[in-house]
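Asker: Heads up, the sequence shown is in my numbering, so the first residue is 287 and it goes up one at a time. C-beta: ideal position from N, C-alpha, C; glycine also. Have a look at this one before I ask anything.
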Amino acid sequence: MKSALFLCLFFAAHSHAETIPFTSLLNIEEELANISTTCLSHRDHEEITGNTLRYYFAEIFNSILINNAQLLIGMIEMRAALGMPPRGPWKRKRILSEEDILAAPTIEEYYERREESMNSLNLDSRFFLEKNFPPVIAFLDKRFPTIRGIYRQEFRNAKKVVDREEVDSMVHKFRQMASRMDEAVDNMRRESLICYLANKDKLEN
Numbered sequence: 287m288k289s290a291l292f293l294c295l296f297f298a299a300h301s302h303a304e305t306i307p308f309t310s311l312l313n314i315e316e317e318l319a320n321i322s323t324t325c326l327s328h329r330d331h332e333e334i335t336g337n338t339l340r341y342y343f344a345e346i347f348n349s350i351l352i353n354n355a356q357l358l359i360g361m362i363e364m365r366a367a368l369g370m371p372p373r374g375p376w377k378r379k380r381i382l383s384e385e386d387i388l389a390a391p392t393i394e395e396y397y398e399r400r401e402e403s404m405n406s407l408n409l410d411s412r413f414f415l416e417k418n419f420p421p422v423i424a425f426l427d428k429r430f431p432t433i434r435g436i437y438r439q440e441f442r443n444a445k446k447v448v449d450r451e452e453v454d455s456m457v458h459k460f461r462q463m464a465s466r467m468d469e470a471v472d473n474m475r476r477e478s479l480i481c482y483l484a485n486k487d488k489l490e491n
């Protein structure tokens with residue numbers, strides 16, 4: 287039942303993502319700067335948690351959640367570019383060596399092991415549950431559609447015939463962009479605090 291619920295929420299968010307149009311190339315530097323200088327209100331933080339937490343605890347929780355959500359968006363777009371199936375329900379954590387990854391019998395399993403080796407979102411996570419992510423992804427797609435757009439743009443030249451070299455190339459692009467996006471999200475969090483302190487009455491409404 288739990289897995290079925292998560293799949294419904296996941297595919298709802300995934301379906302919404304498919305409706306986001308990106309008809310022209312984005313200026314990545316400008317878009318990252320826009321994210322960095324955005325102020326989030328108390329109400330935004332509550333919405334990000336699916337309205338399960340009040341703003342004080344939501345802001346603490348979201349300080350980690352938003353970063354992980356943008357990583358998940360990037361992985362969703364990387365999967366789509368490589369023609370891999372959507373990520374299923376969370377599994378138990380596996381410790382994979384490079385030898386384990388290289389021993390994958392299929393290209394799909396090779397990708398799965400590559401992604402798993404750099405992904406902390408699993409049933410052994412100390413911070414999150416599966417159900418924490420559909421609300422924050424929906425919020426980011428609505429408020430910052432360019433997060434998904436930037437990742438999609440980075441992966442737009444993926445080869446039609448996918449081999450291990452192509453997987454490694456896309457993973458490398460993902461890591462590079464994820465680091466830059468992570469920095470932009472961190473800056474946004476700091477900017478939100480500064481903005482709140484300077485405009486307290488306005489942002490609390």
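#1: With a threshold of 8 Å, are at least 3 pairs of Cβ atoms found where one atom belongs to the stretch 474 to 483 and the other to the stretch 375 to 390?
#2: Exposed or buried, what is R399 when buried is set at 16 or more other beta-carbons lying within 10 Å of its beta-carbon?
#3: By the 10 Å Cβ neighbour count, where 16 or more other Cβ atoms means buried, how is C294 classified, buried or exposed?
#4: Whether or not the stretch 399 to 418 and the stretch 342 to 357 are in contact is what I'm after, with contact meaning three or more pairs of Cβ atoms, one per stretch, closer than 8 Å; do they touch?
#5: Alpha carbons only, please: which of N348, W376, I393 is nearest the one belonging to L368?
#6: Flag K459 as yes if its beta-carbon sits less than 8 Å from any beta-carbon of chain B, otherwise no.
#7: F344 and E332 look like a contact to me (Cβ under 8 Å); what is the Cβ gap, rounded to whole Å?
#8: What is the rounded straight-line gap between the Cα of R434 and the Cα of K445?
#9: In the DSSP assignment, the alpha helix (DSSP H) including D427 goes from what residue to what residue?
#10: Among Y437, S310, I423, which residue has its Cα nearest to the Cα of A366?
#11: Measuring CA to CA, which of M361, T324, T338, N337 is closest to M463?
#12: Where V457 and R442 are concerned, what is the direct C-alpha to C-alpha distance, given to the nearest angstrom?
#13: Taking the alpha carbon of P372 as the point to measure from, which residue in S465, V471, Y397 has its own alpha carbon closest?
#14: Residue range of the alpha helix (DSSP H) that M364 falls in?
#15: Under a Cβ-count criterion, where at least 16 other Cβ atoms within 10 Å of its own Cβ denotes burial, should E451 be classed as buried or exposed?
#16: Could you say which of P391, T338, A319 lies nearest to N418 if we only look at CA atoms?
#17: Could you give the C-beta distance for E402 and R378, rounded to a whole number, given that I count them as a contact under 8 Å?
#18: With distances taken Cα to Cα, identify the nearest neighbour of F414 among T323, W376, L483.
Answerer: Reading off the structure:
#1: No, the stretch 474 to 483 does not touch the stretch 375 to 390.
#2: When all chains shown are included, R399 counts as buried.
#3: Here C294 scores only 48 on pLDDT, less than 50, and its place in the model is too uncertain to base an answer on.
#4: A contact exists between the stretch 342 to 357 and the stretch 399 to 418.
#5: The shortest C-alpha separation from L368 is found at I393.
#6: Note that chain B does not occur in the displayed structure, where there is just one protein chain.
#7: Strictly speaking, residue 344 in this sequence is Ala, with Phe absent from that position. About 5 Å separates the beta carbons of A344 and E332, which is inside the 8 Å limit, making them a contact pair.
#8: C-alpha separation (whole angstroms): 20 Å.
#9: From DSSP, the alpha helix (DSSP H) with D427 extends over 419 to 429.
#10: Of all alpha-carbon atoms in Y437, S310, I423, the one lying nearest the alpha-carbon of A366 is that of Y437.
#11: Looking at the Cα atoms, M361 is the closest of the given residues.
#12: If I take the Cα positions, the gap works out to 13 Å.
#13: The shortest C-alpha separation from P372 is found at Y397.
#14: Run containing M364: 341 to 368, per the alpha helix (DSSP H) assignment.
#15: E451 is exposed by the Cβ-count criterion.
#16: The residue from P391, T338, A319 with its alpha-carbon nearest to that of N418 is T338.
#17: Separation of the CB atoms of E402 and R378 is rounded to 11 Å, and the pair is thereby denied contact status at 8 Å.
#18: Among T323, W376, L483, the Cα nearest to that of F414 belongs to W376.
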